[in-house]
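>
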Amino acid sequence: MEREWLERDYYKDLGVSPSASSKEISDAYRKLAKKYHPDNNQGDETARDNFTKVATAYEVLHKPDKRKEYDEAREMMRTGAGAGRMFGGGPSAGSSSDGFSFDMNDLLGNLGGMFGGGAGAGNGRRYRPTSGGPRRGQDLDADLYLDFLDAVHGVTTTVAVHGDAPCTMCGGNGARPGTAPEPCPNCGGTGSIALDQGLFSVSQPCSACSATGVYIDDPCPSCRGGGVEQRTRNVTIRVPAGVKDGQRIRVKARGGAGANGGPRGDLYVTVHVKAHERFGRSGDNLTVTMPITYWEAALGTKVSVPTLDDDVTIKIPAGTSSGKKFRVKNRGVKKKSGYGDLIVRVEVAVPAPSQMSEEETSLLEQLRDTSTFRPRAQAEESV
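Counted the way this note's numbering counts, the sequence shown spans residues 1 to 383.
(1) Can we say the region 248-264 touches the region 291-301, given the rule of at least three CB pairs closer than 8 Å?
(2) Of all the alpha helix (DSSP H) runs that stay within the bounds of the region 2-78, which reach a length of 4 or more residues?
(3) At the level of alpha carbons, what is the spacing between Ala151 and Thr158?
(4) Counting along the chain, where does the alpha helix (DSSP H) carrying Arg368 start and finish?
(5) Run the CB neighbour count on Gly279, radius 10 Å, all protein chains shown included, and call it buried at 16 or more, exposed below.
(6) Short of 6 Å in beta carbon distance, which residues of its chain neighbour Asn186, apart from the five on each side in sequence? Order them along the chain.
(7) Quick check: the Cα distance between Gly84 and Val202, rounded to an integer number of angstroms?
(8) What ranges does the beta strand (DSSP E) occupy inside the region 302-366, keeping only unbroken runs of at least 3 residues that lie completely in it?
(9) Any chance the region 322-333 sits against the region 341-348, with 3 or more Cβ pairs inside 8 Å?
(10) Note down the Cα distance separating Gly109 from Glu59, rounded to an integer number of angstroms.
(11) Can the beta-carbon of Ser321 be found closer than 8 Å to that of Glu347?
(12) For Glu277, which residues does DSSP report across the bridge?
(13) What residues match up with Asp141 in a beta bridge as DSSP calls it?
(14) Quick check on the DSSP output: the alpha helix (DSSP H) that includes Ala297 runs from which residue to which?
(15) Is the CB-CB distance between Val54 and Tyr36 below 8 Å?
(16) Just the C-alpha distance for Val228 and Cys167, rounded to the nearest angstrom, thanks.
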């Protein structure tokens, strides 16, 4: 390991003193992690670097055993005890006479796991650990186009996903069909080598197997031992009832295949909802427009309104203006608790001259000449 890692002052990175309590360390971390989190600082590399420093410091200091090892190692370095062995020409390894030992690689190289794979994982969605070791698969994106009613009711469907997938020929193990990976003879399948050089007992990645713990004597000719290939596959997903246009659905462990025994990434599906010929949508409410005649608007009536299940009858009071809205409770889109409402907007339909008979025209003319209703009277008087 680099000497600079032990020379890093994790207490300073968190803005606390070496005597800080566990609560003070946790409080400082939460405050700084929120301040520097990449999701809150898009494109800001300085914030990303600061977030990595804070996460790394917290991973060491919030665990009593790691904090104790870190403090003791820094104290040894400060006083010069064993410094020549720790950072001399050969590998850093050993065990002191008082029994103090620690895994330098574990302390300084594998501090991940807090944010989906490493102290520098940023938003936790992309993991790039030590080259050669188990590697988490990429998160993949896909688009899904749904009919309006499928989005409202929910549906099980498939979505085409292109990206890393387990090799078809070898099933993802990297070995030629008919053969199988074997434990690495150099490290015995552990992926690491323990070295002993006086002061510390140090574990370092096995160079023979690149820390994977396995050895492939006859690699798969298709993926060349990687166990991963690029292809398009259909993934079955369950779309919940009430999904909205533009909403993203996370499907765990259905993204890109991991390498060297690493876990799959996640799949993020963006939903696109097609328009419906009759219904509209506003949040969890459904909307529908119902035409009524001008005499129905004037005299009042009852109309049958379609819903997702069956028709309901609503009362239109006399004197209803075009554009007035009526609410039908619990006839909208399913939500976490219950259902939204159905919003009915009435629209007064006016017939074209060709749609009226001579008798209808005559009756309207009589109404025009005898009616005392003057909606523009106030406006005309003010001119």
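The C-beta atom is built at its ideal place from N, Cα and C for all residues, glycine as well. This one's a predicted model, so the numbers in the text were calculated from it and none came from an experiment.
So, from the listed chains and residues:
(1) no
(2) 3-7, 10-14, 22-36 and 45-61
(3) As a first step, residue 151 must be located in the sequence shown, where it is residue number 151. As a first step, residue 158 must be located in the sequence shown, where it is residue number 158. If you take the alpha carbons of Ala151 and Thr158, they lie about 14 Å apart.
(4) One-based indexing of the sequence shown puts residue 368 at position 368. Per DSSP, Arg368 belongs to the alpha helix (DSSP H) from Glu358 to Thr370.
(5) The residue given as residue 279 occupies position 279 in the sequence shown. Residue 279 is actually Phe in this sequence, not Gly. Result: buried.
(6) Stepping through the sequence shown from its first residue, residue 186 is reached at position 186. Excluding sequence neighbours, Asn186 sits near Cys206 and Ala208.
(7) Stepping through the sequence shown from its first residue, residue 84 is reached at position 84. Stepping through the sequence shown from its first residue, residue 202 is reached at position 202. Confidence at Gly84 is low in this model, with a pLDDT of 44, below 50, so its placement is unreliable and no value can be given for it.
(8) 312-316, 325-328 and 342-349
(9) yes
(10) Start at 1 with the first residue of the sequence shown, and residue 109 comes out as number 109. Start at 1 with the first residue of the sequence shown, and residue 59 comes out as number 59. Its pLDDT being 38, under 50, Gly109 is placed unreliably in this model, and the value from its coordinates should be taken loosely. Approximately 12 Å, taken between the alpha carbons.
(11) As a first step, residue 321 is located in the sequence shown; it is residue number 321 there, counting from the start. As a first step, residue 347 is located in the sequence shown; it is residue number 347 there, counting from the start. No.
(12) Numbered from 1 along the sequence shown, position 277 holds the residue referred to as residue 277. In the DSSP output, where bridge partners are listed per residue, Glu277 has none listed.
(13) Residue numbering aside, residue 141 sits at position 141 when the sequence shown is read from its first letter. Bridge partners of Asp141: Tyr268.
(14) Indexing the sequence shown from 1 puts residue 297 at position 297. Tyr294 to Leu299 is the span of the alpha helix (DSSP H), which, as asked, contains Ala297.
(15) On the sequence shown, residue 54 is found 54 positions in, with the first residue counted as 1. On the sequence shown, residue 36 is found 36 positions in, with the first residue counted as 1. Contact flag set, yes.
(16) Taking the sequence shown and counting its residues from 1, one reaches residue 228 at position 228. Taking the sequence shown and counting its residues from 1, one reaches residue 167 at position 167. Between Val228 and Cys167, the C-alpha separation is close to 5 Å.
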